[in-house]
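Sequential numbering from 1 applies to the sequence shown in our numbering.
Glycine included, C-beta positions come from ideal geometry on N, C-alpha and C.
The structure presented is a predicted model; accordingly, all values stated were derived computationally and were not measured.
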Amino acid sequence: MQYQSFLIKYAEIGVKGKNRSDFEVKLVDQIKIALRRCEGKFAVSRKSGRMFVDAEGEYDYGEVTGALQRVFGIAGVCPMKVLPVVPYPELSAAVGDFFGEEYPERSVSFKVVARRLDKSYEMNSQELDAALGGDLLQRYPSLRVDVHRPEVTVHVEIRDRIYVYTRVLPGQGGLPVGSAGKAMLLLSGGIDSPVAGWMMGKRGLKLDAVYFNAPPYTSERALQKVIDIAKIVARYTGTIVLHNINFTEIQLYIYEKCPHDELTIIMRRYMMRLAEKIAARTDCGALITGESLGQVASQTLRSLECTNAVCRLPVFRPLIGFDKEEIVAISKKIDSYETSILPYEDCCTIFVAKHPVTKPISDVIERHEHQLDEKIDEMMERALGTDEIIIVTESGHRILKAREDDLKPGY
Numbered sequence: 001m002q003y004q005s006f007l008i009k010y011a012e013i014g015v016k017g018k019n020r021s022d023f024e025v026k027l028v029d030q031i032k033i034a035l036r037r038c039e040g041k042f043a044v045s046r047k048s049g050r051m052f053v054d055a056e057g058e059y060d061y062g063e064v065t066g067a068l069q070r071v072f073g074i075a076g077v078c079p080m081k082v083l084p085v086v087p088y089p090e091l092s093a094a095v096g097d098f099f100g101e102e103y104p105e106r107s108v109s110f111k112v113v114a115r116r117l118d119k120s121y122e123m124n125s126q127e128l129d130a131a132l133g134g135d136l137l138q139r140y141p142s143l144r145v146d147v148h149r150p151e152v153t154v155h156v157e158i159r160d161r162i163y164v165y166t167r168v169l170p171g172q173g174g175l176p177v178g179s180a181g182k183a184m185l186l187l188s189g190g191i192d193s194p195v196a197g198w199m200m201g202k203r204g205l206k207l208d209a210v211y212f213n214a215p216p217y218t219s220e221r222a223l224q225k226v227i228d229i230a231k232i233v234a235r236y237t238g239t240i241v242l243h244n245i246n247f248t249e250i251q252l253y254i255y256e257k258c259p260h261d262e263l264t265i266i267m268r269r270y271m272m273r274l275a276e277k278i279a280a281r282t283d284c285g286a287l288i289t290g291e292s293l294g295q296v297a298s299q300t301l302r303s304l305e306c307t308n309a310v311c312r313l314p315v316f317r318p319l320i321g322f323d324k325e326e327i328v329a330i331s332k333k334i335d336s337y338e339t340s341i342l343p344y345e346d347c348c349t350i351f352v353a354k355h356p357v358t359k360p361i362s363d364v365i366e367r368h369e370h371q372l373d374e375k376i377d378e379m380m381e382r383a384l385g386t387d388e389i390i391i392v393t394e395s396g397h398r399i400l401k402a403r404e405d406d407l408k409p410g411y
């Protein structure tokens, strides 16, 4: 069946107060953006707490429903039959035809839920429930009525038009992207950070991202892996501006000057400093990381305290209470897992200490960082100058700004 229209259901937006319409406008915008990637023409509208997508001509059902189901803010997508407001006999016949096409086996339990928004219609909601249910039973004797746990619920809404649907395709829920501002995701080639980005996108954040590259210790394949992960996240969050930063010089300098058991935490602190500087340039109001409490040495309570000490912006860690199995389950759900486990190392794994400190003391870390004072500021500026800006969409990427200085190892 080629459905004419889709009812868009939302959940969390419905409990918003006076600014609910602002969220609805954002959701309409995100739906339009998602549908631009689909073949066909569509009209998106909102009326009396409902949103509709009307197809104007032929389209690919799987492509369109898949795109809509990935839009944050949508709780359900309902493919519908749309009728003009017709007298009851015509309505009953149309509902029967629709049910027969949707469920050719006709041996399911069902109930009818009608809503009469047009109060001038000849029957009220309860009368419609009873009459339509009786007509369906008469037409298809193998049906069974179950008003408590039906296998099929036939929804009929009478507005300026009549909408009939029986299926609710699950959406992502959450809030529409952009409704909560913009944040900078520290994106690596691992499992955790894309899941963290997806989760904060679901809370309404628009994402930029930063990746810390370490040539020649990391390959172009490692960068491509990160771009591929960003494409997967972009299916849900929309276009991501990815900042590719050369971190090699700073890593080697830290490796030479600082105690090796503190390498991970000190490198992490400089990544956060750089990410915050880029965030300030790009109007991002927070940083996002994939850290989970206790998962590795740099994610103990004391380590996180040391990392936070260098940040002025809030740091969102949506995975902080998740175990690895829970994170992996989400990564599989959003299809990032298989890409994340590809064997291309990122800069974090190259310079890992054999016995990293798990209970760093901020004063001690700061004292050891002073050993970097001679050159670190100019290195930070040079690292920012290597910023390669890559525009990533779900279907591809393009380099907007190439590196000003492709740093070589050494200083």
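Assuming residue i and residue j make a contact with CB atoms under 8 angstroms, what is their CB distance in whole Å?
| i | j | result |
| --- | --- | --- |
| S92 | V145 | With 8 angstroms as the limit, S92 and V145 do not qualify as a contact, their Cβ atoms being about 16 angstroms apart. |
| S48 | R106 | 33 angstroms between Cβ atoms; not a contact. |
| A383 | I278 | Not really, about 10 angstroms apart at Cβ, beyond 8 angstroms. |
| I31 | V44 | 5 angstroms |
| M184 | A214 | M184 to A214, Cβ: 19 angstroms. No contact. |
| S198 | I334 | A small correction: the amino acid at residue 198 is Trp; Ser does not occupy that position in the sequence shown. Their Cβ separation, rounded to whole angstroms, is 5 angstroms, which keeps W198 and I334 in contact under 8 angstroms. |
| T339 | D228 | 5 angstroms |
| E291 | R317 | 5 angstroms |
| Y59 | E39 | 6 angstroms |
| L117 | E56 | With 8 angstroms as the limit, L117 and E56 do not qualify as a contact, their Cβ atoms being about 24 angstroms apart. |
| V82 | S5 | 5 angstroms |
| Q371 | K324 | Their Cβ separation, rounded to whole angstroms, is 35 angstroms, which puts Q371 and K324 out of contact at 8 angstroms. |
Could you check where the alpha helix (DSSP H) with residue i kicks off and where it finishes?
| i | result |
| --- | --- |
| M1 | Taken as a continuous stretch (DSSP letters only), M1 belongs to no alpha helix (DSSP H), as it is neither H nor E. |
| V15 | Segment: none, V15 is in no alpha helix (DSSP H) and carries neither H nor E. |
| I266 | 263-281 |
| G66 | 61-69 |
| S303 | 301-308 |
What are the boundary residues of the beta strand (DSSP E) that includes residue i?
| i | result |
| --- | --- |
| F42 | 42-47 |
| Y163 | 162-165 |
| G396 | 396-401 |
| K182 | 182-186 |
| T153 | 152-158 |
Does DSSP put residue i in a helix, in a strand, or in coil?
| i | result |
| --- | --- |
| S336 | coil |
| H370 | helix |
| D406 | Since pLDDT at D406 reaches only 49, below the 50 mark, its modelled position is unreliable, and no value is offered. |
| S5 | strand |
| E426 | Outside the displayed range of the chain (1 to 411) lies residue 426, so it cannot be described from this structure. |
| R20 | helix |
| E412 | This structure gives no information on residue 412, because the portion of the chain shown stretches from 1 to 411. |
| R203 | strand |
| T393 | strand |
| R50 | strand |
| G76 | strand |
| V145 | strand |
| P326 | Here residue 326 is Glu; the residue named in the question, Pro, does not match the sequence. Reduced to three states, the DSSP call for E326 is helix. |
| V315 | strand |
| Y411 | Low confidence applies here, because Y411 scores a pLDDT of 40, under 50, leaving its location unreliable; read the following figure in that light. Correct three-state label for Y411: coil. |
| L27 | helix |
| L132 | helix |
According to the Cβ coordinates, are residue i and residue j closer than 9 angstroms?
| i | j | result |
| --- | --- | --- |
| P170 | G76 | yes |
| I391 | L175 | no |
| V85 | I162 | yes |
| V241 | I389 | yes |
| V428 | K111 | Outside the displayed span of the chain (1 to 411) sits residue 428, for which this structure offers no information. |
| V310 | R367 | no |
| V226 | G204 | no |
| Q172 | Y236 | yes |
Item to complete: Would you list, in sequence order, the uninterrupted alpha helix (DSSP H) runs of no fewer than 4 residues that lie entirely inside the stretch 79-126?
Response: 88-102
Fill in: Runs of alpha helix (DSSP H) lying entirely within the stretch 194-256, each at least 4 residues, in chain order
If only uninterrupted alpha helix (DSSP H) runs of at least 4 residues are considered, those enclosed by the stretch 194-256 are 220-237.
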